[in-house]
Amino acid sequence: MANSIVLFNAPSHLPTKLTYTNFTVWRTQLYSGLIGHNLLGFIDGSTPPPSQTISESPTSTKQIPNPEYILWLRQDQLILNAMLGSCIDTIQPHISTVSTSQEAWERLQVLFANKSRSRVMSLKERLLNNPRGTRSIQEYLQHMRAIADDLALVDNPLSEDDLVLYTLAGVGPEFKEIAAALRARDTPISFDELYDKLGDYEIHLKKEEPTPSFSIATANYTHRQNKFTSRTSPHHGSASSSRNNTQFSPRGNDHFPTRTHTNSTNRNNWSSPPTNNRMAPSRSSLHCRFCDRPGHATNECRKLARFLRENDVQTVHSSSHVVPLTANATTMHRRPTSPSWLFDIGASHHVTSDTDNLHTYSDYGGPDEIHISDGTGLPISHVGHAKLRTPHTTFALDDVLCVPSIN
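All residue numbers for the sequence shown refer to the numbering used here, where the first residue is 10 and numbers rise by one.
Right under this line is the structure:
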């Protein structure tokens with residue numbers, strides 16, 4: 010044994026922590042580090058501890074501490090400390106009561122390298138019943154390789170062909186074409202080659218997936234000339250900020266793109282031109298936001314028209330014909346002497362600048378912002394519910410956004 014201590018610690022020499030699924034990898038890490046520093050004998054028993062005491066002199070019967078044992082003990086405790094620090098919290102208790110690194114190694118082998126028949130059957134069952142599910146190909150193949158390594162560790166190695174077949178059986182229906190082609194090959198494929206081919210095919214599938222469309226919340230400040238019994242009205246989304254006139258821009262029919270940004274000024278109503286010549290959707294793709302039924306647009310809904318008549322709602326539309334990518338603004342006036350009230354349809358978001366306008370609310374905590382006409386993003390602080398009370402009924406507004414900086 011050398012006359013000096015070799016520093017051996019977990020962060021430097023055992024950076025990969027031992028878990029319940031990576032014992033083979035962790036064992037290789039431990040072995041290579043100990044062999045490199047000529048310390049493997051401490052855990053495999055080939056470097057046993059020397060006698061704890063020695064005679065003070067050849068002719069004396071007095072015993073004194075053996076310097077070689079003290080040196081051995083210090084080195085052994087450094088190895089034990091590194092092993093303990095390289096285990097996850099739930100594994101550490103299994104070796105926390107041992108006194109030497111060899112005892113710790115033997116306990117870990119019993120825990121992870123149990124060669125009993127039940128252990129072998131359990132590993133094979135995991136291999137047979139291990140569908141990929143929602144995991145990525147990389148995660149799935151790594152797990153399959155880990156199970157195969159555990160079988161090899163208990164002297165039950167799996168052939169390369171069997172591992173490939175087990176892997177293809179659980180890869181999922183998305184990979185059925187390439188799985189069938191790989192099974193039909195005359196020449197066997199290695200697991201490493203399978204790893205590359207399935208990984209490339211996964212990238213191919215992701216490229217073919219349709220890109221989801223995301224709507225950007227935009228807000229229009231609505232100023233009411235007269236209040237109902239409720240407090241300040243929430244703002245309504247999907248257009249740009251207006252000035253002192255009373256107007257808002259509804260989002261239009263559900264099938265219209267929601268990323269269109271428009272500017273409104275002191276005009277009562279307006280309609281921006283379409284940005285392209287795409288044809289309007291078919292009737293089957295229309296869906297009414299008022300009655301929640303397909304086959305017609307919101308502005309064609311008979312129930313909505315009857316509802317507006319019965320409640321004396323006055324609306325002025327900028328255009329009787331609405332096309333895709335057209336922002337359709339509706340002007341509504343609340344006459345102080347009139348009992349009529351304002352009705353909002355199609356707004357993508359309801360916005361208020363004060364939480365006092367919300368009946369209940371909570372912190373928003375999301376990354377989204379409200380975008381106004383100049384492209385500025387305004388942070389959302391809270392989301393909640395509001396109630397608008399009229400002489401005839403009460404409207405419940407869900408998911409109202411609180412944006413303190415909007416004005």
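From the three backbone atoms N, C-alpha and C, an ideal C-beta is built for every residue, glycine too.
#1: Does the segment 120-131 come close enough to the segment 176-183 that 3 or more CB-CB pairs lie under 8 Å?
#2: Keeping to the same chain, check which residues put their C-beta closer than 6 Å to that of Glu77; ignore five residues upstream and five downstream.
#3: Mind the definition here: the segment 45-54 touches the segment 100-115 only if three or more C-beta pairs lie below 8 Å; say whether that holds.
#4: At which residues does the alpha helix (DSSP H) containing His152 begin and terminate?
#5: By Cβ distance below 7 Å, which residues in the same chain neighbour Arg116 in space, the five residues on each side in sequence not counted?
#6: For Gln101, name the three-state secondary structure that DSSP assigns.
#7: Just curious, the beta strand (DSSP E) that Arg398 is in, first and last residue?
#8: Give the DSSP bridge partners of Gly386, in chain order.
#9: Look up Val412 in the DSSP assignment and say whether it is helix, strand or coil.
#10: Can at least three beta-carbon pairs, one atom from the segment 356-366 and one from the segment 390-410, be found at a separation below 8 Å?
#11: Rounded to whole angstroms, what is the Cα-Cα separation between Met92 and Leu23?
#12: Please classify Tyr370: does DSSP put it in a helix, a strand, or coil?
#13: Looking at C-alpha atoms only, which residue of Asp195, Leu191, Tyr149 is the closest neighbour of Glu202?
#14: Helix, strand or coil, according to DSSP, for Gln86 in the structure here?
#15: Going by DSSP, which residues form a beta bridge with Gln72?
#16: If you follow the alpha helix (DSSP H) that Thr176 is in, where does it begin and where does it stop?
#17: Under a CB-based cut-off of 7 Å, is Thr361 close to chain B?
#18: I need the straight-line Cα distance from Lys71 to Ser64, nearest angstrom please.
#19: If distances are taken between C-alpha atoms only, which option among Leu89, Phe121, Thr30 comes closest to Glu148?
#20: Are the CB atoms of Phe299 and Leu313 nearer to each other than 7 Å?
#21: Given a cut-off of 7 Å on the beta-carbon distance, is the pair Gly208 and Ile146 in contact?
#22: State the DSSP-derived secondary structure class of Thr30, mapped to helix, strand or coil.
#23: Val15 bridges to which residues according to DSSP?
#24: From the DSSP output, which residues share a beta bridge with Leu406?
#25: On a CA-only basis, which of Thr385, Gly42, Asp159, Thr62 is nearest Phe121? Give me that one, please.
#26: Excluding sequence positions up to five away, which residues of its chain have a Cβ less than 7 Å from the Cβ of Leu387?
#27: Is it buried or exposed for Val173, if we count other Cβ within 10 angstroms and need 16 for buried?
#28: Between which two residues does the alpha helix (DSSP H) harbouring His296 extend?
#29: Tell me whether Pro59, by its Cβ, gets closer than 6 Å to a heavy atom of the ligand MN.
#30: Can you tell me the Cα-Cα spacing of Asn18 and Leu89, whole angstroms?
#31: Rounding to the nearest angstrom, what Cα-Cα distance links Arg141 and Asp372 in this structure?
#32: Under 7 Å between the Cβ atoms of Asn139 and Gly179?
#33: Quick one: using the 10 Å Cβ neighbour count with 16 as the cut-off for buried, is Gly304 buried or exposed?
#34: How about Ile14 and Arg83: do their beta carbons lie closer than 7 Å?
#35: Would you call Thr25 buried or exposed, if buried means 16 or more other Cβ atoms sit within 10 Å of its Cβ?
Reading off the structure:
#1: Under the 8 Å Cβ criterion, the segment 176-183 does not count as touching the segment 120-131, having fewer than three qualifying pairs.
#2: Contacts found: Pro59.
#3: Verdict: yes, contact present.
#4: Where His152 is concerned, the enclosing alpha helix (DSSP H) stretches over 146-162.
#5: So the qualifying residues of the chain are His103, Ile104, Val107.
#6: The three-state secondary structure of Gln101, taken from DSSP, is helix.
#7: Taken as a continuous stretch (DSSP letters only), the beta strand (DSSP E) holding Arg398 covers 391-398.
#8: Paired residue(s): His380.
#9: It is coil, neither helix nor strand.
#10: Contact between the segment 356-366 and the segment 390-410 is established, with three or more Cβ pairs separated by less than 8 Å.
#11: So the two alpha carbons sit approximately 8 Å from each other.
#12: Correct three-state label for Tyr370: strand.
#13: Ranking Asp195, Leu191, Tyr149 by Cα distance to Glu202 puts Leu191 first.
#14: Assigned with DSSP and collapsed to three states, Gln86 falls in helix.
#15: Beta-bridge partners assigned by DSSP to Gln72: Ser64.
#16: Element bounds for Thr176: 169-178.
#17: The structure shown has no chain B; it contains just one protein chain.
#18: Straight-line Cα distance between these residues: approximately 6 Å.
#19: Minimum Cα distance to Glu148 is reached at Thr30.
#20: Against a cut-off of 7 Å, the Cβ pair of Leu313 and Phe299 comes out as a contact.
#21: Cβ atoms of Gly208 and Ile146: closer than 7 Å.
#22: Three-state DSSP puts Thr30 in coil, outside helix and strand.
#23: Val15 is not bridged to any residue.
#24: The bridge partners DSSP lists for Leu406 are Ala395.
#25: From the listed residues Thr385, Gly42, Asp159, Thr62, the smallest Cα separation to Phe121 is found for Asp159.
#26: Only Glu378, Ile379, Ile381, Val412, Ser414, Ile415 meet the Cβ criterion.
#27: Val173 is buried by the Cβ-count criterion.
#28: First-last for His296: undefined, no H or E at that position.
#29: For the ligand MN, the structure offers nothing, since it holds no ligand at all.
#30: Asn18 and Leu89 have their C-alpha atoms spaced approximately 9 Å apart.
#31: If I take the Cα positions, the gap works out to 37 Å.
#32: Cβ distance < 7 Å, so Asn139 and Gly179 count as in contact.
#33: The residue is exposed, with fewer than 16 neighbouring Cβ atoms inside 10 Å.
#34: Their beta carbons are under 7 Å apart, which means Ile14 touches Arg83 by this criterion.
#35: With fewer than 16 other CB atoms across the displayed protein chains lying within 10 angstroms of its CB, Thr25 is exposed.
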